[in-house]
Structure formats: structure tokens, C-alpha cells
Amino acid sequence: MTCSKFVLPRSFFTRDTLTVARELLAKQLARRVGESDLVGKIVEVEAYGGADDPASHAYRGMTPRNQVMFGKGGFAYVYFTYGKHYCLNVTTEKEGVPGAVLIRALQPVSGIEMMRRNRRRKRLRYLTNGPGKLTEAMGITKRQNGLDLTKGGELFIREPQVEEDFEEVSTGRVGIRVGVEKPWRFYIKSNSFISRK
DNA sequence: GAGAAGATCTCCT
DNA sequence: GGAGATCTTCTCA
């Protein structure tokens with residue numbers, strides 16, 4: 011069962027990458043595994059561009075890995091890094107324009123017991139407070155690369171049932187060596203699931 | 001075909 | 001607070 015009226019439509023994603031990144035805060039990432047639903051509130055994101063952004067995978071043009079970033083917005087871009095970790099991005103912009111938003115941290119909403127099993131950790135705070143951690147908690151791997159997130163299938167993004175006020179903070183991006191000066195990281199102020207201060 | 005770097009996490013001191 | 005783990009992907013020859 012999917013509450014499709016809450017699923018974010020294509021038009022949400024096919025906009026400017028920075029706009030999409032900011033508006034993704036406080037939305038819910040939902041993952042369906044068999045009978046179970048894993049849901050987390052998005053509390054931290056980073057925007058990645060194209061030829062204007064040396065930190066982006068798309069900076070040097072299209073490759074087999076990053077081709078999803080060049081398609082239209084609203085698809086999952088999952089890549090493997092550091093020999094251990096997957097990172098989940100949401101593509102943005104229209105067809106032919108590269109752009110993506112890295113989901114860096116979630117606040118668990120439901121399916122928490124399954125997240126604990128996936129992570130083999132008990133402490134709630136360490137289940138999803140980092141890009142490699144949240145993919146492990148939600149069972150996301152390269153198999154989810156290229157999935158359409160607007161269909162309400164095994165992976166999608168939806169409006170929260172209850173709107174909450176929050177204060178947005180923007181800083182330089184984390185864990186990269188170039189392009190650190192761009193204030194393209196956004197997170198919800200004073201949320202305890204942020205990956206780094 | 002080889003070499004190097006990477007949008008990170010965990011464990012150890 | 002710091003280093004090691006570990007493998008995919010890209011670049012260059």
C-alpha cells in the first residue's frame with residue numbers, strides 16, 4: 011500500500027539543484043522491503059552540480075557511473091566508495107543537465123528495529139547519521155541505482171504527514187578536497203542526527 | 001592493463 | 001583524534 015498522494019512528483023525534482031536540496035529538508039525518505047516500511051526524515055543534504063562544480067562526479071563529463079546524473083530529476087544515483095560504503099543521491103534538473111543531491115543524514119521515523127538489524131548497532135543516534143550509514147540502515151545498494159523515485163515503489167520521497175517548522179543552516183560541504191568554499195550543504199538546525207558539526 | 005584517489009566508517013589509543 | 005580498511009571507477013599509457 012502506497013499513499014501516492016504524498017509522493018513528491020517529477021516537477022519537484024526537475025528544478026534548480028540548490029532549490030531542490032533545500033526543499034528536501036524535513037521530507038521523508040521511504041524504503042519498502044517486503045512487508046516492511048523503513049522511513050526516515052531527511053535532516054542533512056549536499057548539492058552537487060556539473061561542469062561548474064569541481065567536487066561533482068559530473069565535473070569531467072558523463073561516464074558509465076555518473077550517467078544517471080545527466081538524466082532528468084527524480085531518480086536515485088547510488089555509488090560505491092572507499093571500498094565499503096554506498097551513498098544515495100537524488101537527481102535534479104531537466105534531461106541533459108547534470109545535478110544531484112546527496113542525502114547525508116536521516117532521523118529514523120519507522121522501521122527502526124529493522125534498521126538496527128541492518129546496522130548491527132543499537133544506539134538510535136548512530137543508525138542513520140551519515141551517508142554510508144543510512145544506506146546500510148535502509149538496505150540500499152547499487153541495485154537501487156537508477157530507480158525512479160516518483161513512482162512510490164520500493165524507494166521514494168514523500169511529504170511528511172505533519173508539517174514541522176525548522177531552521178535551515180547552510181555551510182561548506184564535507185569530506186571533499188575541492189569546491190569546499192561553496193555553501194551547498196544544508197541541514198536542520200540543532201537536529202541531533204546531523205553527521206558533523 | 002596498471003596505478004591512484006575517493007561525497008566514509010569504525011576501531012584503537 | 002588518527003589511521004586503516006577495501007574495492008570501484010577513472011585516467012593515462
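In terms of the numbering used here, the first sequence is residues 11 to 207. Beta carbons: idealized from backbone N, C-alpha and C, even for Gly.
Sort out for me which residues DSSP pairs Gly50 with in a bridge.
Checking the DSSP bridge columns, you'll see Gly50 partnered with Leu39, Pro118.
At the level of alpha carbons, what is the spacing between Ile186 and Thr73?
20 Å
Checking 8 Å against the spacing of the C-beta atoms, do Ala147 and Met125 come in under that value?
yes
Determine the burial state of Phe44: buried for a count of at least 16 other Cβ atoms within 10 Å of its Cβ, exposed for fewer.
Reading off the sequence, residue 44 comes out as Gly, not Phe. Gly44 comes out exposed.
Is the beta carbon of Leu112 sitting closer than 8 Å to the one on Glu56?
Contact annotation: Leu112 and Glu56 have beta-carbon atoms nearer than 8 Å.
Per DSSP, what kind of secondary structure is Phe176 in: helix, strand or coil?
Under the three-state reduction of DSSP output, Phe176 falls in the coil class, being neither helix nor strand.
Quick check: what's the CA-CA separation for Glu169 versus Ala40?
Using only the alpha carbons, I get a separation of about 10 Å.
Alpha-carbon spacing of Pro64 relative to Arg183, whole angstroms:
12 Å
For the segment 23–30 against the segment 74–86, are there 3 or more C-beta pairs whose distance is under 8 Å?
At 8 Å Cβ cutoff, the stretches touch.
How big is the Cα-Cα spacing for Val8 and Val188?
Absent from the structure is residue 8, since the part of the chain shown begins at 11 and ends at 207.
So, are the CB atoms of Val53 and Ile198 less than 8 Å apart?
yes
Could you please give me the residues that DSSP links to Ala31 through a beta bridge?
BP columns for Ala31 are empty, so no partner.
Three-way DSSP call (helix, strand, coil) for Arg168 in this model
strand
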